[in-house]
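**Student:** With the working numbering applied, the sequence shown covers 286 to 421.
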Amino acid sequence: MAVVEELLRGENGGAISFGNHKLEEKAKLVDFEFGGDLWKVKTYKTMTKLEKNGMFVYESVPGTSVNRFTETQDGISFTVEGSGDAQITVGLQDETEYEVFINNESIGKMRTNLGGKLNLSVELSETEEVDVRIEK
Numbered sequence: 286m287a288v289v290e291e292l293l294r295g296e297n298g299g300a301i302s303f304g305n306h307k308l309e310e311k312a313k314l315v316d317f318e319f320g321g322d323l324w325k326v327k328t329y330k331t332m333t334k335l336e337k338n339g340m341f342v343y344e345s346v347p348g349t350s351v352n353r354f355t356e357t358q359d360g361i362s363f364t365v366e367g368s369g370d371a372q373i374t375v376g377l378q379d380e381t382e383y384e385v386f387i388n389n390e391s392i393g394k395m396r397t398n399l400g401g402k403l404n405l406s407v408e409l410s411e412t413e414e415v416d417v418r419i420e421k
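1) Who are the Cβ neighbours of residue 418 in its own chain at under 6 Å, not counting the five residues just before and after it?
2) Identify, in the order they occur along the chain, each residue of the same chain with its Cβ nearer than 6 Å to the Cβ of residue 349, setting aside the five sequence neighbours on each side.
3) Roughly how many whole angstroms lie between the Cα atoms of residue 389 and residue 416?
4) Less than 8 Å separating the beta-carbons of residue 404 and residue 381?
5) By a C-beta neighbour count over all protein chains shown, 10 Å radius and 16 as the cutoff for buried, is residue 421 buried or exposed?
6) In angstroms with no decimal places, state the Cα-to-Cα distance between residue 409 and residue 392.
7) Return the CA-CA distance between residue 401 and residue 354, expressed in angstroms with no decimal places.
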């Protein structure tokens, strides 16, 4: 997998790819129209953040590159890569329980907070990507 050179791009089937964890300086793309929504991404080596229609969707510390990010009513799925382990926060439904899968293996159930945010840690290395799936 490679970083997303254009910072944010639409994929066939409605997925998006975003982020570039190798950038030394902050970069952002605002008002990217895809799927009837306006997307915004800020990214560089220490942070990646995604918003949709002004609402929080994804944030990682340090920065990550995310491919095939897909949202459904029942959750989200994506592939992530980075230079090292990352703390990822995603926006979902408020106070809802989700099961989290890393590389198709359940790491357990987690509950979102009042604001709908769910936090997880992902072990990353420069040479591989990790599949993340979060389901109701």
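Beta carbons are placed, not taken as given, at the ideal position from N, Cα and C, and that holds for glycine.
Predicted model only: the values in this text are computed from it and were never measured.
**Tutor:** Looking at the atomic coordinates:
1) Same-chain partners within the cutoff: 362 and 386.
2) Excluding positions up to five away in sequence, the list reads 304, 306, 333, 365, 367 and 371.
3) Cα-Cα distance, rounded: 7 Å.
4) In this structure, residue 381 does not lie closer than 8 Å to residue 404 by Cβ.
5) Exposed: under 16 other Cβ atoms inside 10 Å.
6) Our two residues, residue 409 and residue 392, have alpha carbons roughly 16 Å apart in a direct line.
7) Rounded to the nearest angstrom, the gap between the Cα atoms of residue 401 and residue 354 is 18 Å.
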